[in-house]
Amino acid sequence: MSKKITQIAIYGKGGIGKSTTTSNITAALSEQGYKVMQFGCDPKSDSTNTLRDGKYIPTVLDTLREKSSVKAHDVIFQGFNGIYCVEAGGPAPGVGCAGRGIITAVELFKQQKVFEELDLDYVIYDVLGDVVCGGFAVPIREGIAEHVFTVSSADFMSIYASNNLFKGIHKYSNSGGALLGGVIANSINAPYAREIIDDFAHKTNTQIMEYVPRSVTVTQSELQGKTTIEAAPNTKQAEVYRSLANKIANHTESKVPSPLEISELREWAAKWGDYLLALETSTIKPELAANL
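Per this note's numbering, residue 18 is the first one in the sequence shown, and the count goes up by one each step.
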């Protein structure tokens, strides 16, 4: 009997630090002796760069455009600590659906039973979360991912994207879709940022997996084309990523979130906006904080 492969999808708004977070989770899991594949599902095809010294790899869709048939091993490349790296890719600019690469790549790997052949412990999908539709919804809709996590800061548009993701999970939950593991709170330095993301998690019936601070260590590492785990393994930031990876590795129970309707989300955000303005102008009133 073959061992169980844990498949995880990590979503997040573009530019929120989703790929940075995913790559450091992958690197930390590999340190623990797990066999891991990172599956980049962003048309930019840059998910796995920091696992391979900043180098891009040929994508599944690019390779299919060059060849009539493709073997999965043609588009799998090894990176830091033996991690398997794949980039689904996207269509030619201005043509077709950006999610097509995910659909095509997932089908290719499923048909050729690559995950089982490589004896993987984890497959981690790094998925653009601005729009949860079409191909981008495949890991959720098809139940490919067992657990879904979202990377979000305390900024409204990041929270908005996460709330949309929750709607997608909620929609497909009754037909075998993936469930939500929790929120990875990124770029959390100010106390109010933690309060905002905590409140959002509470309102939507989920949990915070880890608070990841913004750190110059991450920037320095990425300028070298590496994860923080590889470039700065003894730093506090690396320990935060290891803690997050351990929590994800030990996570067993995901659930259906309770997304907010847009009117509820706007009302919630407006209250926090009033609170922060009052905090900044030193006119905060106890009843204002109590009503959040």
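The C-beta atom is built at its ideal place from N, Cα and C for all residues, glycine as well.
Assigned secondary structure, residue i (DSSP; H/G/I helix, E/B strand, else coil)
i	result
Lys272	strand
Asn222	coil
Asn98	helix
Gln129	coil
Leu277	coil
Gln237	helix
Ala202	strand
For residue i, the first and last residue of its enclosing alpha helix (DSSP H)
i	result
Phe183	Phe173 to Tyr189
Tyr258	Lys253 to Ala266
Asn41	Lys35 to Glu48
For residue i, the nearest candidate out of the options (CA to CA)
i	options	result
Thr23	Thr269, Asp291, Gly118 and Ala178	Thr269
Ile141	Thr167, Thr234, Gln254 and Lys184	Thr167
Leu277	Asp215, Ile176, Trp289 and Pro75	Ile176
Ile74	Asn251, Arg82, Lys88 and Ile93	Ile93
Trp285	Leu240, Gln237, Asp216 and Ala249	Asp216
Own chain, CB closer than 8 angstroms to residue i, minus 5 neighbours either side, in chain order
i	result
His90	Val131
Leu282	Ile176, Tyr177 and Asn180
Same chain, Cβ closer than 7 angstroms to residue i, neighbours up to 5 away in sequence not counted
i	result
Tyr228	Ala202, Ile205 and Arg211
Asn41	Thr244, Thr245, Ile246 and Tyr258
Pro274	Phe183, Ile186, His187, Leu197, Thr221, Asn222 and Thr223
Arg158	Tyr189 and Gly194
Ala162	Gln24, Ile25, Ala26, Tyr142, Pro156 and Ala195
Thr80	Val87, Asp91 and Val92
Close beta carbons around residue i, own chain, < 6 angstroms, minus the five adjacent residues each side
i	result
Asp70	Gly242
Thr76	Ser62, Glu104 and Gly106
For residue i, the first and last residue of its enclosing beta strand (DSSP E)
i	result
Thr23	Thr23 to Gly29
Asp143	Tyr139 to Leu145
Cβ separation of residue i and residue j, assumed to be a contact under 8 angstroms, to the nearest whole Å
i	j	result
Pro156	Ala195	6 angstroms
Met54	Val103	6 angstroms
Ala171	Ile214	5 angstroms
Tyr209	Leu261	The pair is not a contact, with the Cβ atoms about 22 angstroms apart (cut-off 8 angstroms).
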